[in-house]
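Visitor: Sequential numbering from 15 applies to the sequence shown in this note's numbering. Glycine included, each C-beta is placed from N, C-alpha and C at the ideal position.
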Amino acid sequence: MWDDQCSGTVARYSQGLDPQLYAPARLFIVAVLVDMRWCGFGSVRDALGLTDVELSQQLTKLHMAGYVQTQCAHGRCTEIRLTLDGCDRLVRHLEALQAVVFKVAELIAVGNEDV
15 MWDDQCSGTV
25 ARYSQGLDPQ
35 LYAPARLFIV
45 AVLVDMRWCG
55 FGSVRDALGL
65 TDVELSQQLT
75 KLHMAGYVQT
85 QCAHGRCTEI
95 RLTLDGCDRL
105 VRHLEALQAV
115 VFKVAELIAV
125 GNEDV
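1. For Val-48, name the three-state secondary structure that DSSP assigns.
2. Sorted by chain position, which residues of the same chain lie with C-beta nearer than 7 Å to Arg-40's C-beta, five sequence neighbours on each side aside?
3. Taking Thr-97 as the reference, give the member of Gln-85, Ala-113, Arg-90 with the closest Cα.
4. Look up Gly-54 in the DSSP assignment and say whether it is helix, strand or coil.
5. To which residues of the same chain is Ala-61 closer than 7 Å at the C-beta, ignoring the five residues directly before and after it?
6. Out of Gly-63, Val-48, Glu-93, state which residue places its alpha-carbon closest to the alpha-carbon of Val-105.
7. When we look at the beta-carbon of Asp-32 and count the other beta-carbons within 10 Å, is it buried (16 or more) or exposed?
8. Whole angstroms are fine: how far does the CA of Lys-117 sit from the CA of Met-15?
9. Which residues in the same chain as Tyr-27 place their Cβ atom closer than 8 Å to its Cβ, once the five residues preceding and following it in sequence are excluded?
Right, here's the structure in full:
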């Protein structure tokens, strides 16, 4: 029964997930920036409880992937915002993640019926 239910499930439901957002810190960063307005580096850092180094490392990855834009002064990132593409990709990732959660719940329910 499980083999029939799970056949191809992982590949099918993994397609819409964005590996850039697998890391919880990056997912929370883009969520904080979802209104696409410029936000201060310190505000994002404080809202998420990250250190300067942790936020900088994650922002570098998000910037390289096209999720965020940054404004810097004197060699330091001062302002951050989510790009339009980043916002679209976040929405697609969340929709895919929701589909995964629903499928997992369905598999659990089917498994419990067999008990």
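Guide: In this structure, then:
1. coil
2. Gln-34, Gln-72, Lys-75, Leu-76
3. Gln-85
4. strand
5. Val-46
6. Val-48
7. buried
8. For Met-15, the predicted structure reports a pLDDT of 48, less than 50, and the residue's modelled location is therefore unreliable. The matter cannot be settled from this model.
9. Ala-110, Ala-113, Val-114, Lys-117
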